[in-house]
Amino acid sequence: MTEYLIRGARILGGDPADLLVRDGVVAEVSSSASSSGAEVVDADGLVALPGLVDLHTHLREPGREDAETVETGTQAAALGGFTAVHAMANTNPVADTAGVVEQVWRLGREAGHCDVAPVGAVTVGLRGEQLAELGAMADSAARVRVYSDDGKCVSDAVLMRRALEYVKAFDGVVAQHAQEPRLTEDAQMNEGELSGRLGLRGWPAVAEEAVIARDCLLAAHVGSRLHVCHVSTAGSVEIIRWAKSKGWPVTAEVTPHHLLLTDELATTYDPIFKVNPPLRSAADVEALRAGLADGTIDAVATDHAPHPHEDKDCEWQAAAFGMLGLETALSVVQATMVDTGLLDWAGVAERMSSRPARIGRLHGHGRPVAEGEPANLVLYDPSASRVVEASEMASLSRNTPYVGRQLPGRVVATFLRGTATVLDGKAQ
Amino acid sequence: MKRHLLSAGDLTRPDAELVLQTAAELRSLADRPIKKLPALRGRTIVNLFFEDSTRTRISFEAAAKRLSADVINFSAKGSSLSKGESLKDTALTLEAMGADAVVVRHWASGAPHLLANAGWSRSSVINAGDGTHEHPTQALLDAFTMWRHLGDLDGRRVAIVGDVLHSRVARSNALLLKTLGAEVTLVGPPTLLPYGVDGWDVATSYDLDAVLPKTDVVMMLRVQQERMNAAFFPTVREYSRRYGLDGRRMATLQDHTLVMHPGPMNRGMEITADVADSERSVIVEQVTNGVAVRMAVLYLLLGGSEPALASSDDHQDSEVAGVEQ
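Chains V and Z, in that order, give the protein sequences. Quick note, the first sequence lines up with residues 6 to 433 if you use this note's numbering. Quick note, the second sequence lines up with residues 19 to 343 if you use this note's numbering.
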């Protein structure tokens, strides 16, 4: 196994240090490490972070291999600095049995670009009627701990209560896609003045907030872990802040796109900006950034949602929801949180690695960059800058909302248990 | 004017006035025995309808034919559920046929916008109604009708009554009438006024009876059948009582006040027969004016810079801009 001597990396943005990576672990951290056989990686000016962990990725396999595969999606993840991703359950067939989650987990291991932690469906077929075999998925080789019907909301209060209770037996967490279905029938964009003007069916904030409020109360009542997916409104942040102030076991994530983009983009009628939950107002973006900064929101999660070209090259109403995220996440977080002074790199490491790893119970990830720890690392150049081009994406799909946009930063290298998955910005 | 007509908001006041003036010239044609001009001879106009609308389609067809354009009707029925040929492939097909203008009616808000801006085609795009978004030529014909009866619209009060939420006619009218200086009041039950309408810079009211005596125009909107059972209001009868225009309410209007409706009407629902057929109803005239306004729009978008009609009565021989190219 190749040894790497990383020279002059600023761990969590601190002073330059050398890291020796050997046998899958960080063997040494010092002001000047040396090792005769090691490949030297010049990390002058680069920030070293623990490998990023995504709680929310759609890898599309099995079923939609025309949009993404485990191979291409995890390669995109590695290029984005991720060493572990949670693969959402809304595949075809749905990941609601031990068989499917083991298949996804095995495909991830074979691809080798990053660890794949399959998310199990809460209900059979995501239909919201009957609990899937949550325990079987927990006990499988995939060791599922995160359960979600993402894409659909577990809207039935009794079913949600039972799911929350049941996963306690194996320290699981229910990740809720908070969307009251009746309030969002055929909804197309954030409900505001703009939706009225554009004639696109509105998606009110209350449809998200009402479910989050209910679920926080349920989680408190039964003493179970609740995770809230892709928080998108100021009101949701307030409700979660309130729940946390009570000491309730609630965690939450926000996507990079909800930290940067607003509903104003719908005026183009370009479905590249159509996403679930929808892009919200500038005031919501502000509240989300503040919530992420003060820890109300625990994690940044990409909700990477690849779609083939034809599902986006059409009328807004006919287009699919979702956008790519893995390869641009760290840059967007730098632009919205670091360059604005809201978070330092230690804060980024916490929101994009250690906390999501803890929520997902991924024990080898999200560890400190220190001697003896697993060598899951990313080297990032915050002084770089690029104009995003869809054709440069490793993802099979091209639906990035950032085309033509200047974004800061560049992932230079990613290490998964001491193996370089990315070097000099290129997949290995 | 811009190359496309996608939204009534695209029109500046001089643009809108030019359309109305041009329409006025062209309308005189309707009273002549020969109703045809050579202005768009050799040009191809496609009526692309993804949603049924016999009235709007034949209005555009008549307008194009009276300008001597070649007209192709392309009906591509489909919905978001039963996708037929994609909008993109349809656009590429029309581009390959060499359409100069595409008149598009679509069930999806923003579809004409996409057709104009996605780079699929070089044609001028005219929005003939998209989803619950806009219907700018309807607004132009409505303004034209008001203008013929009331003159300058500055300071005139227009009440638009009914299902504003789902109405592309209301959106386009609100934008255009504001541009032309009129004061617009949207009237309906709170469930049928759009969320965020406060930001539209128009007045709103839930009380039709309070608005009627002050208004110069009352425009009744059609209530779609599918809304009637979707809890926007309790019953059809209650809607009629509170927001329908009947003889009793008509009696509270000023003498000069016009009654309008974009059609097709639900007689007995939002408007009673005695009102629809009354002296002050200009509903049938709206249809006639629709052809003139659409002629004006096609003529101006397809390059007409000179007056549409030469001063000579012998218009058969007159050379009108747009013949070359």
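The C-beta atom is built at its ideal place from N, Cα and C for all residues, glycine as well.
Fill in: Straight-line Cα distance separating T405/V from L412/V
Taking the first residue of the first sequence as 1, we reach residue 412/V at position 407. Taking the first residue of the first sequence as 1, we reach residue 405/V at position 400. Roughly 13 Å between the two C-alpha positions.
Discussion item. Within 8 Å of any Cβ in chain Z, is that where the Cβ of G207/V sits?
Written reply: For the purposes of this step, residue 207/V is identified with residue 202 of the first sequence, where counting begins at 1. Cβ-Cβ to chain Z under 8 Å: yes for G207/V.
Discussion item. Can you confirm whether K196/Z, when its beta carbon is compared against all beta carbons of chain C, has any partner nearer than 8 Å?
Written reply: The displayed structure is made up of protein chains V and Z, and chain C is not among them.
Discussion item. Check whether chain V comes within 8 Å of Y224/Z, counting only Cβ atoms and requiring the distance to be less than that.
Written reply: Here residue 224/Z corresponds to residue number 206 of the second sequence, with the count starting at 1. Not closer than 8 Å to any Cβ of chain V, the Cβ of Y224/Z fails to qualify, so no.
Discussion item. Cutting at 6 Å between CB atoms, please list the residues of its own chain near L99/Z, excluding the five before and the five after it.
Written reply: As a first step, residue 99/Z must be located in the second sequence, where it is residue number 81. With a pLDDT of only 45 at L99/Z, under 50, the local geometry of the prediction cannot be trusted, and the value read off the model is given with reservation. Excluding residues within five positions, none has a Cβ falling inside 6 Å.
Worksheet item: So what's N65/Z in DSSP terms, helix, strand or just coil?
Response: Stepping through the second sequence from its first residue, residue 65/Z is reached at position 47. Three-state result, N65/Z: strand.
Discussion item. Three or more C-beta pairs under 8 Å: does that hold for the region 64 to 71 of chain V against the region 382 to 391 of chain V?
Written reply: no
Practice prompt. Note down, one range per segment and in chain order, each alpha helix (DSSP H) of at least 4 residues found wholly within the region 125 to 209 of chain Z.
Written response: 129 to 135, 154 to 168 and 186 to 197
Worksheet entry | Closest residue to V229/Z among R75/Z, L204/Z, G199/Z and R245/Z (Cα-Cα distance) | For this step, residue 229/Z is matched to residue 211 along the second sequence. The candidate whose alpha carbon is nearest that of V229/Z is L204/Z.
Practice prompt. Determine the contact status of T301/V and A83/V, defining contact as a CB-CB distance below 8 Å.
Written response: Walking along the first sequence from the start, residue 301/V turns up at place 296. Walking along the first sequence from the start, residue 83/V turns up at place 78. Taking 8 Å as the Cβ cut-off, T301/V and A83/V do not qualify as a contacting pair.
Worksheet item: Residues of chain V with a CB under 7 Å from the CB of L105/Z: which are they?
Response: Numbered from its first residue, the second sequence carries residue 105/Z at position 87. Residues of chain V passing the Cβ test: C319 and E320.
Worksheet item: Do the region 47 to 60 of chain Z and the region 271 to 285 of chain Z make contact, defined as three or more Cβ pairs closer than 8 Å?
Response: no
Worksheet item: Can G197/V and D268/V be called in contact, C-beta distance under 8 Å?
Response: Along the first sequence, one-based indexing puts residue 197/V at 192. Along the first sequence, one-based indexing puts residue 268/V at 263. Yes, the Cβ-Cβ distance between G197/V and D268/V is below 8 Å.
Discussion item. If the criterion is Cβ atoms closer than 8 Å, does the pair V121/V and A81/V meet it?
Written reply: As a position in the first sequence, residue 121/V is number 116, starting the count at 1. As a position in the first sequence, residue 81/V is number 76, starting the count at 1. Not a contact, by the Cβ cut-off of 8 Å.
Practice prompt. Indicate whether A212/V and L188/V have their beta-carbon atoms separated by less than 8 Å.
Written response: Numbered from 1 along the first sequence, position 207 holds the residue referred to as residue 212/V. Numbered from 1 along the first sequence, position 183 holds the residue referred to as residue 188/V. Going by C-beta atoms, A212/V is nearer than 8 Å to L188/V.
Discussion item. Which same chain residues end up closer than 6 Å to R45/Z when comparing Cβ atoms and leaving out the 5 residues on each side of it in sequence?
Written reply: Counting from 1 along the second sequence, the entry for residue 45/Z is found at position 27. Cβ within range, chain order: A310.
Worksheet item: List, in order along the chain, the chain Z residues whose C-beta lies closer than 8 Å to that of L203/V?
Response: To locate residue 203/V, count along the first sequence from 1; it is residue 198. Per Cβ cutoff of 8 Å: S127, G128 and H151.
Worksheet item: So what does DSSP say about T275/Z, is it helix, strand or coil?
Response: Along the second sequence, read from residue 1 onward, the residue named residue 275/Z stands at position 257. In the structure shown, T275/Z sits in coil (DSSP, three-state: anything other than H, G, I, E or B).
Worksheet entry | Beta-carbon proximity list for S71/Z, same chain, < 7 Å, skipping 5 on both sides | Within the second sequence, residue 71/Z is the residue found at index 53, counting from 1. The residues are R123 and G147.
Worksheet item: Pairing CB atoms from the region 284 to 298 of chain V with CB atoms from the region 372 to 381 of chain V, are three or more of them under 8 Å?
Response: no
Worksheet item: What in chain V is Cβ-close to G265/Z, meaning under 9 Å?
Response: Locating residue 265/Z in the second sequence gives position 247, where the first residue counts as 1. Correct list: empty, because the minimum Cβ distance to chain V is about 33 Å.
Worksheet entry | Cβ-based neighbour list, R410/V, same chain, cut-off 6 Å, excluding 5 preceding and 5 following | In the first sequence, residue 410/V corresponds to position 405, counting from 1. Same-chain partners within the cutoff: V393.
Worksheet item: Taking Cβ-Cβ distances shorter than 9 Å, what residues in chain Z pair up with E315/V?
Response: As a working mapping, residue 315/V is identified with position 310 in the first sequence. Those are S104 and K106, listed as they occur along chain Z.
Discussion item. Can you list, in chain order, the residues of its chain with a C-beta nearer than 6 Å to that of G240/V? Leave out the 5 residues immediately preceding and following it.
Written reply: As a first step, residue 240/V is located in the first sequence; it is residue number 235 there, counting from the start. Result list for G240/V: A210 and E214, in chain order.
Worksheet entry | Cβ shell of V7/Z (< 7 Å), same chain only, five flanking positions each side left out | The requested residue 7/Z is not part of the displayed model; chain Z covers only 19 to 343.
Worksheet item: Where does R15/V fall in DSSP's three states?
Response: Indexing the first sequence from 1 puts residue 15/V at position 10. If DSSP states are grouped into helix, strand and coil, R15/V belongs with the strands.
Worksheet entry | Rounded C-alpha distance that separates A325/V from F278/V | By 1-based counting over the first sequence, the position of residue 325/V is 320. By 1-based counting over the first sequence, the position of residue 278/V is 273. Their backbone Cα atoms lie some 10 Å apart in a straight line.
Worksheet item: Are three or more beta carbon pairs between the region 153 to 173 of chain V and the region 124 to 141 of chain V nearer than 8 Å?
Response: yes
Practice prompt. Could you name each continuous alpha helix (DSSP H) segment of 4 residues or more that falls completely within the region 238 to 284 of chain V, going from the start of the chain to the end?
Written response: 239 to 250 and 261 to 265
Worksheet item: Quick one: which chain V residues come within Cβ less than 9 Å of V215/Z?
Response: What you label residue 215/Z is simply residue 197 of the second sequence in a count that begins at 1. The contacting residues are E198 and G201.
Practice prompt. Could you tell me whether the Cβ atoms of A34/Z and L194/Z are closer together than 8 Å?
Written response: As a working mapping, residue 34/Z is identified with position 16 in the second sequence. As a working mapping, residue 194/Z is identified with position 176 in the second sequence. Their beta carbons are under 8 Å apart, which means A34/Z touches L194/Z by this criterion.
Worksheet item: Along chain V, in chain order, which residues have C-beta atoms closer than 8 Å to that of D29/Z?
Response: Here residue 29/Z corresponds to residue number 11 of the second sequence, with the count starting at 1. It is worth fixing the name first, because residue 29/Z is Leu in this sequence and not Asp. Within 8 Å Cβ-Cβ: nothing; L29/Z doesn't reach chain V, min ~16 Å.
Worksheet item: G214/Z and Q322/V look like a contact to me (Cβ under 8 Å); what is the Cβ gap, rounded to whole Å?
Response: Here residue 214/Z corresponds to residue number 196 of the second sequence, with the count starting at 1. Here residue 322/V corresponds to residue number 317 of the first sequence, with the count starting at 1. Rounded, the Cβ-Cβ distance is 19 Å, inconsistent with contact.
Worksheet item: What three-state label does DSSP hand R4/V in the structure shown?
Response: Since the first and last residues shown for chain V are 6 and 433, residue 4/V lies out of range.
Item to complete: Using a Cβ cut-off of 8 Å, pull out every chain V residue sitting near R175/Z, in sequence order please.
Response: The count along the second sequence starts at 1 and reaches residue 175/Z at position 157. Result: empty, since nearest Cβ-Cβ is about 22 Å, beyond 8 Å.
Practice prompt. Could you tell me which of V182/Z, L319/Z, I144/Z and L158/Z sits nearest to L66/Z, measuring between CA atoms?
Written response: Residue numbering aside, residue 66/Z sits at position 48 when the second sequence is read from its first letter. Nearest C-alpha to L66/Z: I144/Z.
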